[in-house]
Structure formats: structure tokens, C-alpha cells
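Numbering (the numbering used here), first residue to last: 1 to 283.
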Amino acid sequence: MSQLFGILYRIRHFFMFLFLQITCFYLISKNSVYWDVTFFNTTNSAVAKSLRVSQNVREFMNLGKVNDQLALENKKLREELSKSHELVALKEVGYKPDSTMAGRFNFLVAKVISSTENLTDNYITLDKGTKDGIKPGMGVICPQGVVGQVMSCNENFSRVSSILHSNFQVSSEILGKNLRKENVTALGIGKWGGTNPSILQLTTVDRFKPISKGDSVVTSMQNSIFPPRIMIGRVSKISASPSEAFFDINVRLSTDFSSLVYVYVVNNKLIDKQSQVEAKPAN
């Protein structure tokens, strides 16, 4: 203890200097309007910066929670959008949509935990499985468009065969200004060529259909695993041989498989009834 007092005694001049400096600043700020305002502004600026940093840290820490909430909100919006597309379909030709049919799709939010995109057959693993209601055969989409189809799953995880798979095909429809103008439909089959992970090949499209580069390619009404008009991509190249009946079309995919985080697993609530009817032998 005596050593501590000795040290404090030796640096007593420093403490005196510090006390006098603080006293000077106090007297200057209280007796000078300029220094008072300067001190006030400096203090406020320091506090504001501190609060801004603190707020940024809190926002960063909550990003995961915010993303989860946005994914759930998008799920609800997708269900409403899917139902809306069904209810207005073919209205111009006198078709009366059925509300049960229109509401047959619902969605489950899942998170991607691993994926590939540069193989001949590419897969995605999701963090949801059978205990969450996922079954093999269900479609998978993301905010940008089509992702793939559930191939297998266990209680906790699912494996998805992505659109970048040699055996994956999707019934597609081209939407464009010229097609709308002539009131015609252009349907085709989308299939990946196995090389460029950004390009899909679209086949069986009648070469006399008025399609153009930049037209949208979406899922068609003839889909049991995907809702209609889910984005697939845009037409990037069109060619045709005079001897061929169909176009050779390249589609630039809208889905960026290198940055997938959240996806939506599509549940068609009427798929079993549809399969039951289609499985019956013709009389």
C-alpha cells in the first residue's frame, strides 16, 4: 500500500495538470458561447456516430431473421399470385376457372445447404424433409424462377434434381408481344444441354410461331408440379433449318444457381387425384 501511495505522490503533478485542464475547458465552455456550441456539437456528433455504429451492428445481427421473415412473406404472395394466374386463365375463350383447381398449389420455404452447377447431372440439398411435408416429385422454385424437382428425401433433408440435369424436362410457354398480338400460344419442352449452366434448350416450338429474342419463357398450364407462368428465362437465340418443323431455341435462365439461398417447394394438393385418373386404362 505504501508503494501505491508513493507512486501516486510521484505523479501528483500530472493529476494536478489534468485537473486544471478539465477545469479550464469547463470554464471556457461555460463563459464562451462559441466554445459552448462547439463542445455541444462535437459531443452530439460523437454520440450520433456511436449510435449509428450500434444500429448497424444490430441490423447486421438481425439479417438472418429478416431474411426468414421475407421468405415467409414471399411464400404467401406466391400462393396468391399462383391462384390469380389460374383464375384468369383462358378467360377470353370462355373458360371458367375452378376455385379449387386454382388454389391447388401451396409452398414450403426451405434453405439450400449444398448445390452443384458444373456437372452433367446437378443436385441441390435442402434442409427440410418428410417431417416438413416434402415428398419426392414435388417441384422447387425460387424468387427468380424454376429450380428443379425433389428426387429423394428423408426425415430431415431433401435432394433436388435441378433444372441443370440431363433428365430434367419442363413444359414451357413463350410469352411475347407478337404472340399476344396474334393471339397464339407457343408451347415447348425445356431441357438443359449439359454444357452452359446459364442456357436451356427449348424444343418442339412450331417454327411458324411469331417469337422473338427477349420473349419470356415460363412454365405452361400443362404442368402438374409447377404453377403456371413461373419464370424460366428469356429467349436468347432462335434458329431453324428450312427442312425442320421446329425452332432451335436457346433460353437464358433467370435462376442464378450459384447464389441460391432460399427456395420454395411446391405442393400440388390435387396431384394424387390427377395421377389416379391418368393411371386408369382407357375403355
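Every residue, glycine too, gets a C-beta built ideally from N, C-alpha and C.
At least 7 Å separates the beta-carbon of Leu164 from that of Asn196. By DSSP's assignment, Ala186 forms a beta bridge with Ile174. The C-alpha of Gln149 lies about 16 Å from the C-alpha of Asp256. Asn250 places its beta carbon 7 Å or farther from that of Ile189.
CA-CA distance, Val266 to Ile134, rounds to 9 Å. Sequence-distant Cβ neighbours of Thr116 in its own chain, meaning closer than 7 Å and more than five residues away, are Asn122, Tyr123.
In this structure, the CA atom of Met138 is about 15 Å from the CA atom of Lys273. Boundaries for Ile232: no alpha helix (DSSP H) harbours it, while the beta strand (DSSP E) harbouring it runs 231-239, taken from the DSSP string. Between Gly129 and Asn106, the gap from beta carbon to beta carbon reaches 7 Å or more.
Cβ-Cβ distances below 8 Å link Asn167 to Asp121, Ser161 in the same chain, with the five nearest sequence neighbours on each side left out; the list follows chain order.
Shown here, Lys181 sits in a helix according to DSSP, grouped into three states. The Cβ atoms of Gly214 and Gln201 do not sit closer than 7 Å to each other. By DSSP's assignment, Gly139 forms a beta bridge with Gln149, Val266.
His165 is bridged by DSSP to Asp121. Going by beta carbons, Thr125 and Ile141 fall outside the 7 Å limit. Comparing alpha carbon positions, the residue from Ser212, Asp132, Glu173 closest to Asn154 is Asp132. In the DSSP assignment, the residues bridged to Asp248 are Ser239. Taking the C-beta atoms as reference points, Gly145 is found no nearer than 7 Å to Ser243.
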